[in-house]
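Enquirer: The structure under discussion is supplied below as structure tokens; questions concerning it will follow.
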Ligand SMILES: Nc1ncnc2c1ncn2[C@@H]1O[C@H](COP(=O)(O)OP(=O)(O)OP(=O)(O)O)[C@@H](O)[C@H]1O
Ligand SMILES: [Mg+2]
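Residue numbers (my numbering), protein chains in the order written: chain A, 2 to 344; chain B, 29 to 559.
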């Protein structure tokens, strides 16, 4: 056709490659490879042992789940600080159900706990979208409220492995070929979430809402309802993480999942999810989660003292944010130049 | 082409009544013909707390016709638009769509009913690509309800081609010039394929060529039988495009008349209720020493730009949208970086990329995008007005509210900023009144060289002539003024010298005597025979 259609031709192979190289996910992935190479060079068993390989995949799996949920929420320019507490409640509920209702089939218990997580997320979502109070405040409130309920409910009780069916606990260690089942679950969740966010209308609306909530309202998007569902999704994934936590560790007290919300936010930010919403991907957040926990495990191997670990994570988050700014600026410049020279 | 005017409503109220009309009598004007109107509003009112934005909005849009809505800044035009869009709910009055009474609770409902709206302020999602911005919520789908990106991209390119613009379909909306943002809004509205298309000042940021393309599209839509509402402060556009015109004043309906039966003077009288001083009242000023000199300014967006401004001189910077004019002045003022070249103010070189130094040297820049660059929407007029002169108002380190309000009052009344109170939030102002606040804010800094980027964008006739008078007066007092304007009559009427840019380069420098529509446009488009 005319100039307009031809000159902005779709990206060729080279274009795709350079887009891939520029993508944030690639950077995180390379950082992860670097950490693995350095650490494995020092201590080969870090990767090349049955345990090493299993830990590499298994340790981050729960965090991946809630980082995906967190990414969904942050993309809408909100944040869910209550996920750690939701994990605590759902993990304990799982144990209690097994302990006091031995007749219940395992899938039913798991489903109930996940639904409970969804319900807790729904409470967050309703409060945020109806009360019109920033989600930071609301979920900070529910972080303490949910944990408080947990402490009252649990008391000094503790659920032990002996209270739960063997088949359920087996999920925590089972493998399909070389892949731990929990990791597989996390990957399936990740793929579904990525597809929805990338290629469904409602997924794209989440980005639009986070990019400019006022414009979204003016455009006629159902801002409140979408944000509510984002919180339900986050709660559901935290519920699932709670169930898997119980299966993996076998003991649950009132402190399960404590502090995980900040790791989830950190993973998302490191993975390129903009804290002001509107951009980023769940894939990036998942990679961020893996990088975060792998570094945590690598530091002791490399002989770096415990107390530096927090600082390393902090530096990582700040570096990620600075990198984002730089990339955004460069991108903006490049595009304007491209259009001008094409004219 | 204005032959296909529908059974037109008789022009009532063409003799302006003194004082604000109650609207009740006048608004019965459009007698009900046999076919129902595409959209009809009767005696709509809307108040925001104490502020009555709309007393009696009355409007009747016919299918296959372009209807103009004009009125001063703050007359209530945008409020009426937002009621049509379902963003605001009316307090009273009737709203009929194709003869049926409707009650939109949200913009989604009006959209579903076949109404597309271009708001006065662009409302884009900065992180998303322009393509996604256009199709959000209506993306073409393929199997499994997945978004068909390739098809979406094709459709976007088709729209851009129809509008004759070059915008990369994959680029994010962030960083688009205000004109390109407007073009995306237009593409968005067209792609909705709506029965009723409402455009609130779509041309305010566009220059001649883009406006012509938009008009061609608008006419094509009219000929397809759609109803269009067009709001503009430019009379030439209203006369060139529209079939019927409705005038509003102070939130009330004044008159509706076929365009052929009226003229500018009549419309202006209906709008303001009095005669308005001549536009472009250029005074002769003594042209003095050179104040600003730019040599060889180069960046990826423009190259080898030379220009100078003398004391008492108004220099017009003309060109098409995207010619790089705003980019040049932003670089001169130090907001953006440039790669090479020099900027000197009164013989002293100005450090690059340092707006504070530029302000200290006596430069002031009234930016193009008032939302993003000029105003703090969440604060009061007084705050905004005095933001740039805070240090001057401060006594012993304390800025009193009284000092702030007093300084603000002077400028607000000088530019006729219509606002019930100086402590109102700027975000609730009509578009034109926001523009006046930006202008006042920078004039208050008492600069030596004033750079204005589209100073009268979205400003009504009365104030426009006031702004022109003011600029002229400032030049008379020895200020140098560099004025970017996409409105050719404004450039020709005001400038002592016209510099024309095309694709980042200066293509002509014309004296007042040599500048005429032909010479400026041929330098701007690069061809004498350009359409
Ligand atoms: N949300 C709001 N809250 C308070 N006042 C408002 C609000 N919206 C509009 N107004 C007031 O209502 C009046 C009409 O504003 P409106 O935006 O409809 O004017 P307009 O005719 O579109 O003017 P312009 O030509 O400058 O765009 C103005 O005085 C404005 O300050
Ligand atoms: Mg308006």
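All C-beta atoms, glycine included, are put in the ideal place defined by N, C-alpha and C.
1) Give me the Cα-Cα distance between residue 256 of chain A and residue 95 of chain A, rounded to the nearest whole angstrom.
2) I want to verify the contact list: residues of chain B whose CB lies under 8 Å from the CB of residue 201 of chain A, in sequence order.
3) Kindly list the residues whose CB is nearer than 7 Å to the CB of residue 390 of chain B, restricted to its own chain and excluding five residues on each side of it in sequence; keep chain order.
4) Check whether the Cβ of residue 79 of chain B lies closer than 6 Å to any heavy atom of ligand 1, and answer yes or no.
5) Would you say the beta carbon of residue 102 of chain B comes nearer than 6 Å to a heavy atom of ligand 1?
6) Of all the CB atoms in chain A, is at least one closer than 7 Å to the CB of residue 52 of chain B?
7) Just checking, does the segment 248–255 of chain A make contact with the segment 181–200 of chain B on the three C-beta pairs under 8 Å criterion?
8) Report yes if the C-beta of residue 210 of chain B is less than 6 Å from at least one heavy atom of ligand 2; otherwise report no.
9) Using a Cβ-Cβ distance cut-off of 7 Å, determine whether residue 234 of chain A contacts chain B.
10) With 16 as the cutoff for other CB atoms within 10 Å, does residue 106 of chain A come out buried or exposed?
11) Rounded to the nearest angstrom, what separates residue 135 of chain A and residue 527 of chain B at their Cα positions?
12) Please decide whether residue 208 of chain A counts as near chain B, where near means a Cβ-Cβ distance under 7 Å.
13) Measuring only between beta-carbons, confirm whether residue 30 of chain B sits less than 7 Å from chain A.
14) Any beta carbon of chain A sitting closer than 7 Å to that of residue 167 of chain B?
15) Which residue comes first and which comes last in the beta strand (DSSP E) that contains residue 122 of chain B?
16) Residue 155 of chain B versus chain A: which residues are under 7 Å apart at the beta carbon?
17) Taking C-beta pairs closer than 8 Å, name the residues in chain A that residue 136 of chain B reaches, listed in chain order.
18) Using the C-alpha atoms, what's the distance from residue 285 of chain A back to residue 472 of chain B?
19) With contact counted as at least three CB pairs below 8 Å, one residue from each stretch, are the segment 74–83 of chain B and the segment 112–127 of chain B in contact?
20) Let me check you understand the geometry: is the CB of residue 457 of chain B closer than 6 Å to at least one non-hydrogen atom of ligand 1?
21) So for residue 167 of chain A, helix, strand or coil by DSSP?
22) Determine, using beta carbons only, whether residue 276 of chain B comes closer than 7 Å to chain A.
23) Suppose the cutoff is 8 Å on Cβ atoms and the five residues either side in sequence are ignored; what does the same chain contact list for residue 89 of chain A look like?
24) Would you say residue 216 of chain A reaches chain B, if we count a Cβ-Cβ gap shorter than 7 Å as a contact?
25) Indicate whether residue 212 of chain A and residue 156 of chain A have their beta-carbon atoms separated by less than 7 Å.
26) Closer than 6 Å: is that where the CB of residue 223 of chain A sits relative to any heavy atom of ligand 3?
27) Mapping the DSSP letters down to three states, classify residue 57 of chain B as helix, strand or coil.
28) For the alpha helix (DSSP H) containing residue 503 of chain B, name the first residue and the last one.
29) Does the Cβ-Cβ distance between residue 168 of chain B and residue 201 of chain B come in under 7 Å?
30) Taking contact to mean 3 or more Cβ pairs, one atom from each stretch, closer than 8 Å, check whether the segment 498–506 of chain B and the segment 333–349 of chain B are in contact.
31) Along the alpha helix (DSSP H) that carries residue 162 of chain B, what are the first and last residues, could you check?
32) Going by DSSP in three states, residue 9 of chain B sits in which element: helix, strand or coil?
33) Quick one: give me the first and last residue of the beta strand (DSSP E) that residue 147 of chain B is part of.
34) Can at least three beta-carbon pairs, one atom from the segment 201–218 of chain A and one from the segment 48–62 of chain A, be found at a separation below 8 Å?
35) Can residue 107 of chain B be considered in contact with ligand 1, in the sense that its beta carbon sits closer than 6 Å to one or more heavy atoms?
36) Looking only at its own chain, which residues have a Cβ that is under 6 Å from the Cβ of residue 51 of chain B, when we skip the five neighbours before and after it?
Expert: Here's the rundown:
1) 14 Å
2) Ordered by position in chain B, the residues that pass the 8 Å Cβ test against residue 201 of chain A are 173, 174 and 175.
3) 373, 475, 476 and 477
4) yes
5) Residue 102 of chain B Cβ: within cutoff of ligand 1.
6) A caution first: residue 52 of chain B carries a pLDDT of 39, below 50, which makes its placement in the model unreliable, though a value can still be read off. With 7 Å as the cut-off, residue 52 of chain B does not count as an interface residue toward chain A.
7) no
8) no
9) no
10) exposed
11) 50 Å
12) yes
13) Low local confidence applies: a pLDDT of 40 at residue 30 of chain B is under 50, so the model's placement there is unreliable, with the coordinate-based value given in what follows. No - not a single Cβ of chain A is within 7 Å of the one on residue 30 of chain B.
14) yes
15) Its beta strand (DSSP E) spans residues 120–125.
16) The contacting residues are 208, 212, 279 and 280.
17) 221, 222 and 223
18) Taking the Cα positions, residue 472 of chain B is about 49 Å away from residue 285 of chain A.
19) yes
20) Relative to the non-hydrogen atoms of ligand 1, the Cβ of residue 457 of chain B comes within a distance shorter than 6 Å of at least one.
21) helix
22) no
23) 147, 148, 151, 243, 255, 256, 257, 258 and 259, listed in sequence order.
24) Closer than 7 Å to some Cβ of chain B, the Cβ of residue 216 of chain A qualifies, so yes.
25) no
26) Because ligand 3 does not appear in the structure shown, any question about it cannot be addressed here, the ligands present being ligand 1 and ligand 2.
27) Residue placement at residue 57 of chain B cannot be trusted, given a pLDDT of 43 that sits under 50; what the coordinates show is reported in the next sentence. Looking at residue 57 of chain B - three-state DSSP - the assignment turns out to be coil, as it is neither helix nor strand.
28) 489–504
29) no
30) yes
31) 158–163 is the span of the alpha helix (DSSP H), which, as asked, contains residue 162 of chain B.
32) Residue 9 of chain B cannot be examined here, being either before or after the span of chain B that is shown, 29 to 559.
33) That residue, residue 147 of chain B, is in no beta strand (DSSP E); it is neither H nor E in DSSP.
34) Verdict: no, contact absent.
35) Yes, the Cβ of residue 107 of chain B comes within 6 Å of a heavy atom of ligand 1.
36) Residue placement at residue 51 of chain B cannot be trusted, given a pLDDT of 39 that sits under 50; what the coordinates show is reported in the next sentence. Closer than 6 Å at the Cβ level, and outside the excluded window around residue 51 of chain B, lie 83, 84, 280 and 281.
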